[in-house]
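Undergrad: Got a structure here, written out as structure tokens. Questions coming.
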Amino acid sequence: MSENPPFTVSSFYKFVSEKRLMAAKCNECGTVLLPPKPMCTNCLSTNLKWIELEGAGNLLSYTVIYIAPEQFQSIAPYTVGIVEFKNGLRLPGMIHGVDPEEIKIGMNLKVDFETSKASQWPEWPRYFFRPI
Amino acid sequence: MVNKPLVSIVSAGLSKFGRLDGMYCRELFAHAAKEAFDRCPNLNPIKDIEALFVGHMGESYEHQGHTGPTLADWAGLLPKPAVRLESACASSGVALRTGILAILSGMHKVVMVGGVEKMTHRTTAEVTEFLAMASDMPFEQWNGITFPGLYALMATAHMHEYGTTEEQMARVAVKNHHNGTLNPKAHMQKEITVEKAMSSKVIAWPLKLYDCSLITDGASCLILAHPDLAKKFTDAPVHVIGSGQASDAIGLYEREELTTLKAARLAGQEAYRMAGVEPKDLDVAEVHDCFTIAEIIAYEDLGFCGSGKGGTLIEEGTTELGGKLPVNPSGGLKSKGHPVGATGTAQAYEIYLQLTGQADERQVDGAEIGLSHNVGGSGATACVHIYRRD
Numbered sequence: 055m056s057e058n059p060p061f062t063v064s065s066f067y068k069f070v071s072e073k074r075l076m077a078a079k080c081n082e083c084g085t086v087l088l089p090p091k092p093m094c095t096n097c098l099s100t101n102l103k104w105i106e107l108e109g110a111g112n113l114l115s116y117t118v119i120y121i122a123p124e125q126f127q128s129i130a131p132y133t134v135g136i137v138e139f140k141n142g143l144r145l146p147g148m149i150h151g152v153d154p155e156e157i158k159i160g161m162n163l164k165v166d167f168e169t170s171k172a173s174q175w176p177e178w179p180r181y182f183f184r185p186i
Numbered sequence: 057m058v059n060k061p062l063v064s065i066v067s068a069g070l071s072k073f074g075r076l077d078g079m080y081c082r083e084l085f086a087h088a089a090k091e092a093f094d095r096c097p098n099l100n101p102i103k104d105i106e107a108l109f110v111g112h113m114g115e116s117y118e119h120q121g122h123t124g125p126t127l128a129d130w131a132g133l134l135p136k137p138a139v140r141l142e143s144a145c146a147s148s149g150v151a152l153r154t155g156i157l158a159i160l161s162g163m164h165k166v167v168m169v170g171g172v173e174k175m176t177h178r179t180t181a182e183v184t185e186f187l188a189m190a191s192d193m194p195f196e197q198w199n200g201i202t203f204p205g206l207y208a209l210m211a212t213a214h215m216h217e218y219g220t221t222e223e224q225m226a227r228v229a230v231k232n233h234h235n236g237t238l239n240p241k242a243h244m245q246k247e248i249t250v251e252k253a254m255s256s257k258v259i260a261w262p263l264k265l266y267d268c269s270l271i272t273d274g275a276s277c278l279i280l281a282h283p284d285l286a287k288k289f290t291d292a293p294v295h296v297i298g299s300g301q302a303s304d305a306i307g308l309y310e311r312e313e314l315t316t317l318k319a320a321r322l323a324g325q326e327a328y329r330m331a332g333v334e335p336k337d338l339d340v341a342e343v344h345d346c347f348t349i350a351e352i353i354a355y356e357d358l359g360f361c362g363s364g365k366g367g368t369l370i371e372e373g374t375t376e377l378g379g380k381l382p383v384n385p386s387g388g389l390k391s392k393g394h395p396v397g398a399t400g401t402a403q404a405y406e407i408y409l410q411l412t413g414q415a416d417e418r419q420v421d422g423a424e425i426g427l428s429h430n431v432g433g434s435g436a437t438a439c440v441h442i443y444r445r446d
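Chain order of the listed sequences is S and Z.
Numbering-wise (the numbering used here), the first sequence opens with residue 55 and increments by one.
Numbering-wise (the numbering used here), the second sequence opens with residue 57 and increments by one.
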């Protein structure tokens with residue numbers, strides 16, 4: 055994938071298919087946008103570039119979902135959380151590889167990537183979090 | 057000093073809330089409109105009502121969009137202009153505010169605002185999926201995060217930061233279920249105990265079945281008039297004296313904090329400032345208890361107590377009927393029910409009853425000033441209104 059695809063969510067997930075966690079950075083004011091947006095929502099500039107995130111951070115909060123929408127029912131109950139990366143950016147996602155009883159707010163997690171692609175629209179690959 | 061009215065509520069209507077088989081949005085709304093018309097014999101609906109603004113979240117439930125004119129038709133208001141507003145669970149709070157703007161603009165003198173949702177004919181899985189549409193699709197929905205899941209993320213963070221307990225959340229459910237037994241239109245009419253709430257099945261830990269509001273059918277409406285005309289229609293209008301609304305990021309993960317709804321704080325501040333009242337002046341409030349943790353956070357966001365003190369406030373009984381500031385005397389979303397689009401103006405309906413002394417067994421004696429707090433989604437929209445009796 056070229057380094058300058060449009061600054062869209064679809065591009066974010068194209069990078070995920072290459073096992074890369076990418077955000078948009080404003081060349082004018084330095085704001086990092088995650089999710090990426092076509093315009094900097096701080097200074098309204100469209101002078102942006104893609105930057106790669108390390109993907110390691112701390113767990114801000116979590117829940118274990120028992121009642122799930124139909125497409126997730128086969129894997130329920132499953133754990134999801136919000137992870138804050140070192141630069142203050144955050145993403146929500148599923149947490150794999152740790153029992154719900156073992157999960158603690160503040161624990162270190164790292165982003166990882168599923169190899170399979172979803173069959174239904176929008177067919178994006180999924181990232182998830184696991185203990186470091 | 058309490059400020060002058062923005063608009064006056066001259067009548068209000070509410071359908072029964074519950075599982076109403078065979079009744080769809082159009083019929084539910086007609087029932088709410090009929091009550092409002094009957095309550096206000098001095099008003100000639102088709103002559104006096106100039107426009108309809110109605111909140112409705114989901115066309116998926118009935119495979120029916122274009123709700124505005126449909127509801128105007130069933131309410132006997134054709135050919136008046138009718139608009140459907142969608143702001144998730146705040147759809148009719150926003151409809152109320154839009155009606156206020158319409159009157160303040162000078163374009164209209166009398167309008168109807170309201171809301172409706174038909175939900176119970178769908179499976180829980182379908183409703184879960186439809187409600188999730190009000191959250192961020194690419195990062196929240198795509199990762200299997202449900203609506204209870206989003207409020208569970210707030211609850212976990214609130215428990216961690218402030219020591220709020222599952223039992224304190226259960227106490228919100230117990231209070232609102234009690235209030236619901238006093239409201240003949242409430243969906244649920246039964247008392248519950250802390251033990252029963254705590255042992256109910258887990259929906260999204262730490263939230264259990266009794267921490268969640270109900271999947272309900274229902275409709276609500278208000279008739280708003282320019283304050284100069286209010287006495288032409290009724291001797292006992294209720295005046296809207298403050299209106300606040302704010303927006304935040306659609307994704308919970310993008311917000312500054314997980315333990316407060318910034319949009320609700322900003323909407324509250326705007327409404328208090330406009331009304332010229334402070335939290336201590338309130339006699340009664342209806343807040344958006346879509347989940348028990350949401351009522352605890354609402355106490356804090358609206359200044360009923362300090363940050364992190366919401367759990368203590370429920371324990372102390374301050375917000376029970378008979379307490380210093382009764383909250384959700386109607387039973388709230390928890391027990392009265394949460395037909396999503398109907399909720400905002402259903403809250404206003406309860407405040408209207410309370411401030412006109414028509415709330416029967418759940419009447420807050422001598423209530424003069426009330427507040428309603430309506431939240432859309434996980435907090436990307438919030439609407440706060442403040443009311444006073446004539």
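No residue lacks a Cβ here, since even glycine has one placed at the ideal position from N, Cα and C.
#1: Cβ atoms of residue 346 (chain Z) and residue 389 (chain Z): under 9 Å apart, would you say?
#2: Pick helix, strand or coil for residue 168 (chain S), following the three-state DSSP scheme.
#3: Could you check whether residue 271 (chain Z) and residue 183 (chain Z) sit closer than 9 Å to each other, using their CB atoms as the reference points?
#4: Please name the residues in the stretch 130-149 of chain S whose beta-carbon is closer than 7 Å to at least one beta-carbon of chain Z, in chain order.
#5: Identify every run of the beta strand (DSSP E) within the stretch 99-135 of chain Z, keeping only runs that are complete inside it and at least 3 residues long; order them along the chain.
#6: Can you tell me whether DSSP reads residue 59 (chain Z) as helix, strand or coil?
#7: So who's on the other strand from residue 120 (chain S), going by DSSP bridges?
#8: Keeping to the same chain, check which residues put their C-beta closer than 7 Å to that of residue 116 (chain Z); ignore five residues upstream and five downstream.
#9: Would DSSP call residue 133 (chain S) helix, strand or coil?
#10: Where residue 105 (chain S) and residue 68 (chain S) are concerned, what is the direct C-alpha to C-alpha distance, given to the nearest angstrom?
#11: For residue 437 (chain Z), list the residues DSSP reports as bridge partners.
#12: Where residue 337 (chain Z) and residue 60 (chain Z) are concerned, what is the direct C-alpha to C-alpha distance, given to the nearest angstrom?
#13: Specify the secondary structure class of residue 171 (chain Z) as computed by DSSP and reduced to three states.
#14: Going by the beta-carbon positions, is the gap between residue 319 (chain Z) and residue 299 (chain Z) smaller than 9 Å?
#15: By DSSP, does residue 330 (chain Z) sit in helix, in strand, or in coil?
#16: Could you please give the first and the last residue of the uninterrupted beta strand (DSSP E) stretch that includes residue 80 (chain S)?
#17: Over the uninterrupted beta strand (DSSP E) stretch that includes residue 276 (chain Z), give me the two end residues.
#18: Please identify the residue among Z:106, Z:195 and Z:125 whose C-alpha is closest to the C-alpha of residue 163 (chain Z).
#19: Count the CB pairs spanning the stretch 129-137 of chain S and the stretch 70-80 of chain S that are closer than 8 Å, and state whether there are at least three.
#20: According to DSSP, simplified to helix, strand and coil, what is residue 390 (chain Z)?
#21: For chain Z, check one thing: does any of its Cβ atoms lie closer than 9 Å to the Cβ of residue 163 (chain S)?
#22: I want to see whether chain Z comes within less than 9 Å of residue 89 (chain S), judged by CB atoms only; does it?
#23: From what residue to what residue does the beta strand (DSSP E) around residue 147 (chain S) run?
#24: Against chain S, with Cβ distances strictly below 9 Å, would residue 200 (chain Z) count as a contact?
#25: I'd like to check one pair, residue 156 (chain Z) with residue 280 (chain Z): are the Cβ atoms closer than 9 Å?
#26: Cβ closer than 9 Å: which chain Z residues qualify as neighbours of residue 178 (chain S)?
#27: Could one say the Cβ of residue 65 (chain S) lies closer than 9 Å to chain Z's Cβ atoms, at least one of them?
#28: Do you know how far the Cα of residue 174 (chain S) is from the Cα of residue 385 (chain Z)?
#29: From the DSSP output, which residues share a beta bridge with residue 69 (chain S)?
#30: Determine the closest residue to residue 62 (chain S) out of S:94, S:73, S:128 and S:83, with distance taken between C-alpha atoms.
#31: Could you say which of S:87, S:70 and S:65 lies nearest to residue 167 (chain S) if we only look at CA atoms?
#32: With three or more beta-carbon pairs closer than 8 Å as the criterion, would you say the stretch 126-140 of chain Z touches the stretch 173-182 of chain Z?
#33: Grouping DSSP H, G and I as helix and E and B as strand, with all else coil, what is residue 255 (chain Z)?
#34: Assess, as a yes-or-no matter, whether the stretch 112-131 of chain S is touched by the stretch 85-101 of chain S under the definition of 3 or more beta carbon pairs within less than 8 Å.
#35: Does DSSP put residue 420 (chain Z) in a helix, in a strand, or in coil?
#36: Using the DSSP secondary-structure output, state which residues sit across from residue 113 (chain S) in a beta bridge.
TA: Taking the structure as given:
#1: It is a contact, given that the beta carbons lie within the stated cut-off.
#2: Of the three classes helix, strand and coil, the one that applies to residue 168 (chain S) here is strand, per DSSP.
#3: Cβ distance < 9 Å, so residue 183 (chain Z) and residue 271 (chain Z) count as in contact.
#4: Residues 132, 134, 136, 144, 145, 146, 147 and 148.
#5: Correct list: 108-111.
#6: Coil.
#7: Its beta-bridge partners do not exist; DSSP assigns none.
#8: Taking C-beta separations shorter than 7 Å and ignoring five residues to either side along the sequence, the partners of residue 116 (chain Z) in its chain run 186, following chain order.
#9: It is a strand residue.
#10: If I take the Cα positions, the gap works out to 14 Å.
#11: Residue 437 (chain Z) has Z:303 and Z:432 as its beta-bridge partners, per DSSP.
#12: Approximately 16 Å, taken between the alpha carbons.
#13: Strand.
#14: Between residue 319 (chain Z) and residue 299 (chain Z), the gap from beta carbon to beta carbon reaches 9 Å or more.
#15: Correct three-state label for residue 330 (chain Z): helix.
#16: For residue 80 (chain S), the enclosing beta strand (DSSP E) starts and ends at 76-80.
#17: Where residue 276 (chain Z) is concerned, the enclosing beta strand (DSSP E) stretches over 274-281.
#18: Out of Z:106, Z:195 and Z:125, Z:106 has the C-alpha closest to the C-alpha of residue 163 (chain Z).
#19: Pairwise C-beta distances place the stretch 129-137 of chain S out of contact with the stretch 70-80 of chain S, as fewer than three of them are shorter than 8 Å.
#20: Three-state result, residue 390 (chain Z): helix.
#21: By this cut-off, residue 163 (chain S) is not an interface position.
#22: Cβ-Cβ to chain Z under 9 Å: yes for residue 89 (chain S).
#23: In the DSSP assignment, residue 147 (chain S) falls within the unbroken beta strand (DSSP E) covering 144-148.
#24: It does: the Cβ of residue 200 (chain Z) has a partner Cβ on chain S nearer than 9 Å.
#25: Less than 9 Å divides the Cβ of residue 280 (chain Z) from the Cβ of residue 156 (chain Z).
#26: Within 9 Å Cβ-Cβ: 194 and 198.
#27: For residue 65 (chain S), no CB of chain Z lies under 9 Å from its own CB, so it is not counted at the interface with that chain.
#28: Those two C-alpha atoms are separated by around 45 Å.
#29: Answer is none; residue 69 (chain S) lacks a bridge partner.
#30: Nearest of S:94, S:73, S:128 and S:83 to residue 62 (chain S), Cα basis: S:94.
#31: When S:87, S:70 and S:65 are compared, the shortest CA-CA separation from residue 167 (chain S) is found for S:70.
#32: No contact exists between the stretch 126-140 of chain Z and the stretch 173-182 of chain Z.
#33: In the structure shown, residue 255 (chain Z) sits in coil (DSSP, three-state: anything other than H, G, I, E or B).
#34: No: fewer than three Cβ pairs fall under 8 Å.
#35: DSSP places residue 420 (chain Z) in coil when its eight states are reduced to three.
#36: The beta-bridge partner set that DSSP reports for residue 113 (chain S) consists of S:137.
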